[in-house]
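S.K.: Just passing along the structure, written as structure tokens.
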Amino acid sequence: MELTKEKVESEDSTEKQKQNEQKLVQLIQNRFIESRTIKAAEEKSWQRQEDFYKGNQWKSKPAYEGQIQPVTNICFSIVESIIPQLTDNRPQIVCLPTEPGDEQKAEILSKIIEYIWDVRDMDYKLILNERTRIKHGMGIYKVFWNPELLKGLGDIDIINVPLDQFFISPRAKSVQDSDYVIYASQKSTEYIKKRYGKDVQADKKYEEIAVFDDTDDSPRRDNKVLLIEYWTKENGQIRLVTIAGDTLLRDEKEFYKHGRYPFVAIPAFPVEKKFWAMGVLAQIISPQMIVNLLDQQILDNARLGGNGTVFYEATAGLNTKQFTNMPMKLVPVQSVQGIKQENGLAIPNFIPNHLATKKRDAESVSGIHDVTQGKAPSGVTAASAILALQESANQRVRLLGRTLEAGLKEIGELIIELVREFYQEERFIRILGDNYETEFIKFKADTLKTSREYDVFNEEKGQMEKQMIEIDPDFDVRVEVGSSMQYSKAFLYEQAKELHKAGVIDDQALLETVKFPKAEEVLQRKQEMMMQQQATQGGPPQGPPDFNTFAENAPPEVKQAIDEMLQQGMNEDEIMQTLLR
Numbered sequence: 153m154e155l156t157k158e159k160v161e162s163e164d165s166t167e168k169q170k171q172n173e174q175k176l177v178q179l180i181q182n183r184f185i186e187s188r189t190i191k192a193a194e195e196k197s198w199q200r201q202e203d204f205y206k207g208n209q210w211k212s213k214p215a216y217e218g219q220i221q222p223v224t225n226i227c228f229s230i231v232e233s234i235i236p237q238l239t240d241n242r243p244q245i246v247c248l249p250t251e252p253g254d255e256q257k258a259e260i261l262s263k264i265i266e267y268i269w270d271v272r273d274m275d276y277k278l279i280l281n282e283r284t285r286i287k288h289g290m291g292i293y294k295v296f297w298n299p300e301l302l303k304g305l306g307d308i309d310i311i312n313v314p315l316d317q318f319f320i321s322p323r324a325k326s327v328q329d330s331d332y333v334i335y336a337s338q339k340s341t342e343y344i345k346k347r348y349g350k351d352v353q354a355d356k357k358y359e360e361i362a363v364f365d366d367t368d369d370s371p372r373r374d375n376k377v378l379l380i381e382y383w384t385k386e387n388g389q390i391r392l393v394t395i396a397g398d399t400l401l402r403d404e405k406e407f408y409k410h411g412r413y414p415f416v417a418i419p420a421f422p423v424e425k426k427f428w429a430m431g432v433l434a435q436i437i438s439p440q441m442i443v444n445l446l447d448q449q450i451l452d453n454a455r456l457g458g459n460g461t462v463f464y465e466a467t468a469g470l471n472t473k474q475f476t477n478m479p480m481k482l483v484p485v486q487s488v489q490g491i492k493q494e495n496g497l498a499i500p501n502f503i504p505n506h507l508a509t510k511k512r513d514a515e516s517v518s519g520i521h522d523v524t525q526g527k528a529p530s531g532v533t534a535a536s537a538i539l540a541l542q543e544s545a546n547q548r549v550r551l552l553g554r555t556l557e558a559g560l561k562e563i564g565e566l567i568i569e570l571v572r573e574f575y576q577e578e579r580f581i582r583i584l585g586d587n588y589e590t591e592f593i594k595f596k597a598d599t600l601k602t603s604r605e606y607d608v609f610n611e612e613k614g615q616m617e618k619q620m621i622e623i624d625p626d627f628d629v630r631v632e633v634g635s636s637m638q639y640s641k642a643f644l645y646e647q648a649k650e651l652h653k654a655g656v657i658d659d660q661a662l663l664e665t666v667k668f669p670k671a672e673e674v675l676q677r678k679q680e681m682m683m684q685q686q687a688t689q690g691g692p693p694q695g696p697p698d699f700n701t702f703a704e705n706a707p708p709e710v711k712q713a714i715d716e717m718l719q720q721g722m723n724e725d726e727i728m729q730t731l732l733r
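If you want our numbering, it's the 1-based position in the sequence shown plus 152.
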């Protein structure tokens, strides 16, 4: 009887556990439907924006056979003009100490972040996600611990999360204040069996949520299943529940010690009281459509009305077969007095004028003007003036750079937290020097901890005592992406040249500013040459002649050139530099 009672209790417990699991699965499925519903309008906009970016901009059929539907893809041009300005150079993610004595630890963490950036190919992933952010308004990353990396040792991983696979709770304004976060991806049933040890039924639910084209090259598409990661916060701790179909695969509480969702969402242009931000294409589609329509009208006019018409009577004796190569239309009429030719009509001037206006409107809305695309403005020839205009015109892109900095800062913070939690075993970290010299350092998370002595009250003895307490110091993260904007960089180089010419900075500062390769070797060779010149001449090297002395002793043709340059507004240093080249 006792064994039977225990067996019954065990069966009841198992049945109750199954019921709880099914309730949990049902809860997740309901919340998945809820989050999909509030996101439907955004997904519709993304699909339209993606079509315009790819040049698929005409939804209507041609009005007549052979009608051209032209596309001057301003959307593509503007998006691809912004991306290099944000990703040209690698962002600098630096860890900073918050207390004295932690400088070396902060430097090591900075090198670990750079190492993770390298091995996870983040330079390429950044380009892909920045393209998504500029087009659709949001770029999302997942920063997590991947136990399968490094042959089972595990390491920090960073992946791009497609927008159509990410869902948050209604009324959430950011990732971290959301009641829950759902990441849905398509996996094979074989992967589920290998990863979680459970058999699941294939489904086609992923096709229901896919907004962008799914180019899956797998020969089998009947073995796919929608894998849902459901992340939520309970009592300040992260809980992860993973399901596939109606099957519960994993339920883990206190998943990460840092208590934050492992997702970072970087907006392009944030919208007040909304999570999903606005991209550049949202404002360019309207002028793009007008440009396409006006282009089509110009082509229709040139093709149908611009070639002219020949009216003829049947009794005029006109052999129409002899006019096969003539672009004019032949129209038979009853009364035209033989043959009459009407020239084509020119298109009204306001149409091409309005076309040019809408193209300028698209540039104005996006903030990408001719000068930011490397085209010199008319009437401006001085390099410094052009660079100043480019720098001023780059303000809209700099705003995108600021939001990118905030997102990368959050990525750096998550990397540091994962290092604290999972780098418990000693491992080698590869570090690259300035000249790509490779160095390896040993590291484990315990080296970040610090033991400090504190005064603690002992209740038994009734007095204060010294006690060593181990603490884990805090670190700040700073990110700089502004230097990667090409015009900011060029403007800085031009400033350095002007300051060097004026004698404000020396040769070393100039080479450091432009990041000249092997600058130290160049400076050393220059110093050696100056020393050799000094030894040969028996004194210090002679500088350039004085301007007044040079002008007085110059030949007549040189004096005339000096006068012309002075009239053009050149100063004495510029004239000397020009003549002594």
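Each residue gets a CB set at the ideal place from its N, CA and C atoms; glycine is no exception. Only a predicted model underlies this, so the values are computations on that prediction, with no experimental measurement involved.
Looking at chain D, is there any beta carbon in it that lies within less than 8 Å of the beta carbon of residue 504?
M.R.: Annotation note: the requested chain D is absent from the structure, which comprises a single protein chain.
S.K.: Tell me, please, which residues DSSP counts as bridged to residue 336.
M.R.: Answer is 380, bridged to residue 336.
S.K.: Give the single residue among 290, 272, 306, 224 whose Cα lies nearest to the Cα of residue 571.
M.R.: It is 306 whose Cα lies nearest to the Cα of residue 571.
S.K.: Under the rule that 16 or more other beta-carbon atoms within 10 Å means buried, what is residue 290, buried or exposed?
M.R.: Residue 290 is buried by the Cβ-count criterion.
S.K.: Between residue 246 and the rest of its own chain, which residues show a CB-CB distance below 6 Å, the 5 nearest in sequence each way excluded?
M.R.: Around residue 246: 262, 630.
S.K.: When DSSP labels each residue in this structure, what does residue 363 get in the three-state scheme?
M.R.: It is coil, neither helix nor strand.
S.K.: For residue 293, which residues does DSSP report across the bridge?
M.R.: 312, 416.
S.K.: Around the Cβ of residue 185, are there at least 16 other Cβ atoms within 10 angstroms (buried) or fewer (exposed)?
M.R.: Exposed.
S.K.: Answer yes or no: do residue 450 and residue 499 have a C-beta to C-beta separation smaller than 8 Å?
M.R.: It is a contact, given that the beta carbons lie within the stated cut-off.
S.K.: Where do the N-terminal and C-terminal ends of the alpha helix (DSSP H) with residue 663 fall, by residue?
M.R.: Taken as a continuous stretch (DSSP letters only), the alpha helix (DSSP H) holding residue 663 covers 659–665.
S.K.: For residue 311, collect the residues of the same chain with a Cβ closer than 6 Å to its Cβ; drop the 5 residues on either side in sequence, then sort them by chain order.
M.R.: 294, listed in sequence order.
S.K.: With DSSP collapsed to three states, give me the class of residue 224.
M.R.: If DSSP states are grouped into helix, strand and coil, residue 224 belongs with coil.
S.K.: Between residue 271 and residue 308, what straight-line distance do the alpha-carbon atoms span, to the nearest angstrom?
M.R.: Near 10 Å, if we compare the C-alpha coordinates of residue 308 and residue 271.
S.K.: Look up residue 307 in the DSSP assignment and give the residues it is bridged to.
M.R.: Note: residue 307 sits in a beta bridge opposite 298.
S.K.: Taking the beta carbon of residue 182 as the centre, do at least 16 other beta carbons fall within 10 Å, making it buried, or is it exposed?
M.R.: It counts as exposed.
S.K.: Looking only at C-alpha atoms, which of 329, 338, 377, 336 sits nearest to residue 384?
M.R.: Residue 384 has its Cα closest to that of 329, out of 329, 338, 377, 336.
S.K.: Candidates 648, 700, 628, 414: which alpha carbon is nearest residue 248's?
M.R.: The residue with the shortest Cα to Cα distance from residue 248 is 628.
S.K.: From which residue to which residue does the beta strand (DSSP E) around residue 786 run?
M.R.: With the chain running from 153 to 733 in the structure shown, residue 786 is simply not present.
S.K.: Put residue 533 into one of helix, strand or coil per three-state DSSP.
M.R.: At residue 533, the pLDDT of 48 sits below 50, so the modelled position is not reliable; the number obtained from the coordinates is stated separately. Residue 533: coil per DSSP, three-state reduction.
S.K.: Count the CB pairs spanning the region 168–183 and the region 393–405 that are closer than 8 Å, and state whether there are at least three.
M.R.: A contact exists between the region 168–183 and the region 393–405.
S.K.: Just confirm the distance between the C-beta atoms of residue 204 and residue 435, as a whole number of angstroms; I'd bet it's less than 8 Å.
M.R.: 12 Å between Cβ atoms; not a contact.
S.K.: Which residues in the same chain have their Cβ closer than 6 Å to the Cβ of residue 603, if we skip the five residues on either side of it in sequence?
M.R.: Counting only Cβ-Cβ distances below 6 Å, and skipping sequence neighbours, we find 620, 622.
S.K.: Looking at the ligand GDP, does it come within less than 7 Å of residue 194, judged from the CB to the closest heavy atom?
M.R.: By its list of ligands, the structure shown contains no ligand whatsoever, and the ligand GDP lies outside what it can speak to.
S.K.: What residues in its chain sit with their C-beta under 6 Å from that of residue 194, if we drop five residues either side in the sequence?
M.R.: Taken in chain order, the residues that qualify are 428.
S.K.: Check whether the region 322–336 and the region 200–215 are in contact - that is, three or more C-beta pairs closer than 8 Å.
M.R.: Taking 8 Å as the limit for Cβ pairs, the verdict is that the region 200–215 does not touch the region 322–336.
S.K.: Please say whether residue 319 and residue 187 have beta carbons closer to each other than 8 Å?
M.R.: The answer is yes: Cβ separation under 8 Å.
S.K.: Could you tell me the distance, in whole angstroms, from the CA atom of residue 206 to the CA atom of residue 228?
M.R.: Each residue's alpha carbon lies about 7 Å from the other.
S.K.: Would residue 420 and residue 292 be called neighbours here (beta carbons separated by less than 8 Å)?
M.R.: No, Cβ-Cβ distance for residue 420 and residue 292 is not below 8 Å.
S.K.: Per DSSP, what kind of secondary structure is residue 423 in: helix, strand or coil?
M.R.: Coil.
S.K.: Secondary structure at residue 728, three-state DSSP: helix, strand or coil?
M.R.: If DSSP states are grouped into helix, strand and coil, residue 728 belongs with the helices.
S.K.: Which one of 649, 296, 226 has the shortest CA to CA distance from residue 507?
M.R.: Checking every option, the nearest Cα to that of residue 507 belongs to 226.
S.K.: Taking all protein chains shown into account, decide if residue 166 is buried (16 or more other Cβ within 10 angstroms of its Cβ) or exposed.
M.R.: With fewer than 16 Cβ atoms within 10 Å of its Cβ, residue 166 is classed as exposed.
S.K.: Closest to residue 573 by CA distance: which of 240, 344, 509, 411 is it?
M.R.: The shortest Cα separation from residue 573 among 240, 344, 509, 411 belongs to 411.
S.K.: Look at residue 377 and residue 405 and say whether their C-beta atoms are less than 8 Å apart.
M.R.: Cβ distance not < 8 Å, so residue 377 and residue 405 don't count as in contact.
S.K.: Which partner residues of residue 603 appear in the DSSP bridge assignment?
M.R.: Beta-bridge pairing links residue 603 to 622.
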